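K.L.:
So the sequence shown is numbered by numbering that gives the first Met the number 0: it starts at 0 and just counts up by one.
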Amino acid sequence: MHNIQPVVCNKVKKTTTSYSQATASCFGCKEDIKDKMLEALGKSWHPEHFACKECKKRIAENKFHESDGLPVCTKCFESKIQAICAACRKMVTEKVVKAMGKAWHQEHFICGGPCKQQLSGKTFFERNGKPYCTADYERLYAPKCGGCKKPIAEKALSALDSKWHKECFKCKLCKEPIGVDAKFRADKEKQPICEKCGV
Numbered sequence: 000m001h002n003i004q005p006v007v008c009n010k011v012k013k014t015t016t017s018y019s020q021a022t023a024s025c026f027g028c029k030e031d032i033k034d035k036m037l038e039a040l041g042k043s044w045h046p047e048h049f050a051c052k053e054c055k056k057r058i059a060e061n062k063f064h065e066s067d068g069l070p071v072c073t074k075c076f077e078s079k080i081q082a083i084c085a086a087c088r089k090m091v092t093e094k095v096v097k098a099m100g101k102a103w104h105q106e107h108f109i110c111g112g113p114c115k116q117q118l119s120g121k122t123f124f125e126r127n128g129k130p131y132c133t134a135d136y137e138r139l140y141a142p143k144c145g146g147c148k149k150p151i152a153e154k155a156l157s158a159l160d161s162k163w164h165k166e167c168f169k170c171k172l173c174k175e176p177i178g179v180d181a182k183f184r185a186d187k188e189k190q191p192i193c194e195k196c197g198v
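(1) What's the call for G145, buried or exposed, on a 16-neighbour Cβ count within 10 Å?
(2) Can you find the residues in the same chain that come closer than 7 Å, C-beta to C-beta, to R57, ignoring five residues on each side of it along the sequence?
(3) With 16 as the cutoff for other CB atoms within 10 Å, does C114 come out buried or exposed?
(4) Given a cut-off of 8 Å, decide if C54 and F63 are closer than it, judged by their beta-carbon atoms.
(5) Kindly indicate which residue of G111, H45, L40 has the alpha-carbon position closest to the one of D31.
(6) Use the C-beta contact count for E93: other C-beta atoms within 10 angstroms, 16 or more gives buried, fewer gives exposed.
(7) Going by DSSP, what residue range makes up the beta strand (DSSP E) through A185?
(8) Quick check: the Cα distance between K189 and K89, rounded to an integer number of angstroms?
(9) May I ask you to report which of helix, strand or coil DSSP gives P46?
(10) What does the alpha-carbon distance come out to for the pair G128 and C25?
Quick look at the structure:
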């Protein structure tokens, strides 16, 4: 069982750089720039200090991506930062849901069962790589009680080749609960009969 929250990704945008002659402080090394100055992301840089925040290699190309206000080369962006939706395989640029080790568009993180409701910010169960809301998971996959035949989501008793809600494990005849250590027998339909009624 998992609980997730949507996360807001930085907007992804391609940016270009420009060179000019001026005196400013380099954002990369914090020293004064006396020769060529590169201006990008609202900051000034020595060209050799304008580097990818991931691999630390100089970004020599004119185009790059931005992540948290810092430059990222295209290679690192595509391999480390870019979120690809597990459902539609397209890039997630706004709100991303991180769940089950994958990224999803918020509208694509939906129940794998018949209800197809969005699960962003909700408790869900995972089965065979798909998320399920609690109701669909219980209906489709939770063991059914040997007494009431309803799904069992919490702890269960195991007896007579079935799982049971604790409150449902009672004598078929007198309807009294049968304790965990109590003696009982089963009838032909594998329903419990307490020791008192089974004599």
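Note that the Cβ used here is the ideal one computed from N, Cα and C, for glycine as well.
Being a predicted model, the structure only gives us computed values, none of them experimental.
P.N.:
Put simply:
(1) Stepping through the sequence shown from its first residue, residue 145 is reached at position 146. Counting Cβ neighbours within 10 Å, G145 comes out buried, since at least 16 surround it.
(2) By one-based count along the sequence shown, residue 57 stands at place 58. Result list for R57: E47, F49, A50, in chain order.
(3) Against the sequence shown, residue 114 aligns to sequence position 115. Classification for C114: exposed.
(4) Sequence index remark: in the sequence shown, residue 63 carries index 64 (1-based). Sequence index remark: in the sequence shown, residue 54 carries index 55 (1-based). In this structure, F63 keeps its C-beta atom at 8 Å or more from the C-beta atom of C54.
(5) The residue given as residue 31 occupies position 32 in the sequence shown. When each option's Cα is compared against that of D31, the closest is H45.
(6) Along the sequence shown, one-based indexing puts residue 93 at 94. The residue is exposed, with fewer than 16 neighbouring Cβ atoms inside 10 Å.
(7) The residue given as residue 185 occupies position 186 in the sequence shown. Start and end: 183-185.
(8) Locating residue 189 in the sequence shown gives position 190, counting from the first residue. Locating residue 89 in the sequence shown gives position 90, counting from the first residue. If you take the alpha carbons of K189 and K89, they lie about 52 Å apart.
(9) Residue mapping note: residue 46 aligns to position 47 of the sequence shown, counting from 1. Reduced to three states, the DSSP call for P46 is helix.
(10) Sequence index remark: in the sequence shown, residue 128 carries index 129 (1-based). Sequence index remark: in the sequence shown, residue 25 carries index 26 (1-based). Cα to Cα, G128 sits roughly 47 Å from C25.
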